[in-house]
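Heads up: the protein sequence lines correspond to chains A and B, in order. So the first sequence is numbered by the numbering used here: it starts at 1 and just counts up by one. So the second sequence is numbered by the numbering used here: it starts at 110 and just counts up by one. The beta-carbon is built from N, C-alpha and C at its ideal position, and this holds for glycine as well. Let me begin by presenting the structure, written as structure tokens, before commenting on it.
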Amino acid sequence: GQSLEQPSEVTAVEGAIVQMNCTYQTSGFYGLSWYQQHDGGAPTFLSYNALDGLEETGRFSSFLSRSDSYGYLLLQELQMKDSASYFCAVRPQGFKTIFGAGTRLFVKA
Amino acid sequence: DAGVIQSPRHEVTEMGQEVTLRCKPISGHDYLFWYRQTMMRGLELLIYFNNNVPIDDSGMPEDRFSAKMPNASFSTLKIQPSEPRDSAVYFCASRDKGAYEQYFGPGTRLTVT
């Protein structure tokens, strides 16, 4: 089978740093993506990792370890608007995409 | 560009009725994806197309569901007959060749009573 595991929710304080993890077990692997979704909205793309290492885009960074089947999304300088659900997604083959259940991030003042 | 366009935004129908959801991808994008999102099952890929050709429909739940892409700028997802368990938000997304990012439309919230 194919599965992705993410913690269901995490709470952090405004201005802090938060890390959201994703472990996966899939029949194939081409890359790991991260998407953000606000309540009532559509998922929006944040980052993509095909190779091991860290990718940085502004306040967001994403890490991948293919040998550990593990990745994480790091958010720095948290803002209230970052409160949302964050999904990791794996491409096991072609452009088929499997999404995790998501981590709901609550940012407190 | 206006982004991915979906219609209707909301649909309420009775069990047994036919439902058709529509999607216009971003112009020039080669890939189109249909997803379903529910609290219980999360975000599931139903089917995706490349250059209007269905590539993987393994996520289509059953024969009541069908999807078509008659041209590069239009796709439909049809449910016939609809059932209450089909109630969900259905998203369409498109992707440009050579890119990893999928652009999602605003979704259609379907309620089957």
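Which residues, taken in chain order from the stretch 159-176 of chain B, show a beta carbon closer than 7 Å to some beta carbon of chain A? The stretch 159-176 of chain B vs chain A, Cβ under 7 Å: Ile164 and Asp165.
Within-9 Å CB hit, Tyr199 (chain B) to chain A: It does not; no Cβ of chain A falls within 9 Å.
When you compare each of B:Gly216, B:Tyr157 and B:Lys177 to Tyr199 (chain B) by their alpha carbons, which one comes out closest? The candidate whose alpha carbon is nearest that of Tyr199 (chain B) is B:Gly216.
Across the stretch 97-106 of chain A and the stretch 143-160 of chain B, are there enough close Cβ pairs to call them in contact, namely three or more that are closer than 8 Å? Look at the beta carbons and you see the stretch 97-106 of chain A touching the stretch 143-160 of chain B: at least three pairs across the two are nearer than 8 Å.
What would DSSP say about Asp195 (chain B), mapped onto helix, strand or coil? Three-state DSSP puts Asp195 (chain B) in a helix.
Collapsed DSSP secondary structure at Lys177 (chain B) in the structure displayed: Strand at Lys177 (chain B).
Tell me the start and end of each unbroken beta strand (DSSP E) in the stretch 2-33 of chain A that is at least 3 residues and wholly inside, in chain order. For the beta strand (DSSP E) assignment, the uninterrupted runs of no fewer than 3 residues enclosed by the stretch 2-33 of chain A are, from N- to C-terminal side, 3-5, 9-13 and 18-25.
Quick one: Cα of Leu219 (chain B) to Cα of Gly1 (chain A), how far? Roughly 29 Å separates the two Cα atoms.
Below 9 Å between beta carbons: does that hold for Ala84 (chain A) and Leu51 (chain A)? Taking 9 Å as the cut-off, the beta carbon of Ala84 (chain A) is found no closer than this to the beta carbon of Leu51 (chain A).
Name the residue from B:Gln126, B:Asn159 and B:Tyr212 whose alpha carbon lies nearest to the alpha carbon of Leu46 (chain A). Closest option to Leu46 (chain A), Cα to Cα, is B:Tyr212.
Under 8 Å: do the stretch 128-143 of chain B and the stretch 189-207 of chain B share three or more Cβ pairs, one atom per stretch? The stretch 128-143 of chain B is in contact with the stretch 189-207 of chain B.
Under 9 Å between C-beta atoms, does Ala42 (chain A) make it to chain B? Yes, because at least one Cβ of chain B sits closer than 9 Å to the Cβ of Ala42 (chain A).
Can you confirm whether the stretch 2-11 of chain A touches the stretch 173-191 of chain B when touching is taken to mean that 3 or more C-beta pairs between the two stretches lie within less than 8 Å? Touching, no, given that fewer than three Cβ pairs across the two stretches are closer than 8 Å.
Check distances from the C-beta atoms of the stretch 95-109 of chain A to those of chain B and list, in chain order, the residues that come in under 8 Å. Within the stretch 95-109 of chain A, the residues whose Cβ lies closer than 8 Å to some Cβ of chain B are Phe95, Lys96, Thr97, Ile98, Phe99, Gly100, Ala101 and Gly102, listed in chain order.
Integer Cβ distance of Gln146 (chain B) from Ser191 (chain B), believed to fall under 8 Å: Here Gln146 (chain B) is actually not in contact with Ser191 (chain B); their C-beta atoms are around 17 Å apart, not less than 8 Å.
CB contact below 9 Å: Pro215 (chain B) versus chain A: Against chain A, the CB of Pro215 (chain B) has a partner CB under 9 Å away; the residue lies at that interface.
In chain order, what residues of the same chain lie with their CB nearer than 6 Å to the CB of Val13 (chain A), ignoring the 5 residues before and after it? Exclusion of the five residues before and after Val13 (chain A) leaves Lys108 as the residues of its chain whose Cβ lies within less than 6 Å of its Cβ.
Can you tell me which residues form a DSSP beta bridge with Arg150 (chain B)? Per DSSP, Arg150 (chain B) has no beta bridge partner at all.
List the residues that DSSP assigns as beta-bridge partners of Ala89 (chain A). The secondary-structure analysis by DSSP pairs Ala89 (chain A) across a beta bridge with A:Ser33 and A:Phe99.
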